[in-house]
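In mature numbering (1 follows the signal peptide of the UniProt record, and there is no 0), the protein residues as written are -18 to -1, 1 to 173.
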């Protein structure tokens, strides 16, 4: 599978409830021309909502995986297999997953929080994260409170391009000697 994702996080800060997620999805839809048949407008991925996932090459969605997700990573991967691009975002918080291998290769932003079983050694593919050049609406890249996760590799520059708010804290390993890295980064992308 050769995925790419455009995560549109210009206004995203934190997703708290389904109303917020659907409002953020509407922002994405307002900014991109889209086929309504290719919109996944569910607030969380579970055994009921995954059946509504559109079989499109380009999907417009904010994919939320949390404690309500009653699917395995392989079950989710089956539904994502036709997707070549995601315009929207991904949030994984409070899940029971030990890996996120089902996720498509992200290119613009990530929230991975409070996943007690996410194991050390997990790696994301290279992620292109960009925000607004004036710094007013930076993208978020947050990897927090995943006790078994070695998150050091997320701080080496591969995952950050420019105008990004990076926060990697509370994991088994964070960013080298730094306990917390929370700053706006502006640098060219090197892959």
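C-beta atoms are modelled at their ideal positions from N, C-alpha and C, and glycine is treated no differently.
{"Item": "Given residue 48 as reference, the closest of 96, 149, 125 once Cα atoms are compared", "Value": "96"}
{"Item": "Alpha carbon of residue 112 to alpha carbon of residue 16, nearest angstrom", "Value": "With a pLDDT of 49 at residue 112, under the threshold of 50, the predicted position of this residue should be treated as unreliable, and no value is reported."}
{"Item": "Burial state of residue 19, where buried means 16 or more other Cβ atoms lie within 10 Å", "Value": "exposed"}
{"Item": "Under 7 angstroms between C-beta atoms of residue 14 and residue 36", "Value": "no"}
{"Item": "Selected residue, minimal CA-CA separation from residue 11, among 25, 42, 3", "Value": "42"}
{"Item": "Under the three-state DSSP convention, the category residue 43 falls into", "Value": "strand"}
{"Item": "Neighbour-count burial assignment, residue 29, 16 or more Cβ in a 10 Å radius", "Value": "exposed"}
{"Item": "Cβ-based burial, residue 73 [other Cβ within 10 Å; buried from 16]", "Value": "buried"}
{"Item": "Residue 128 and residue 156 closer than 7 angstroms at C-beta", "Value": "no"}
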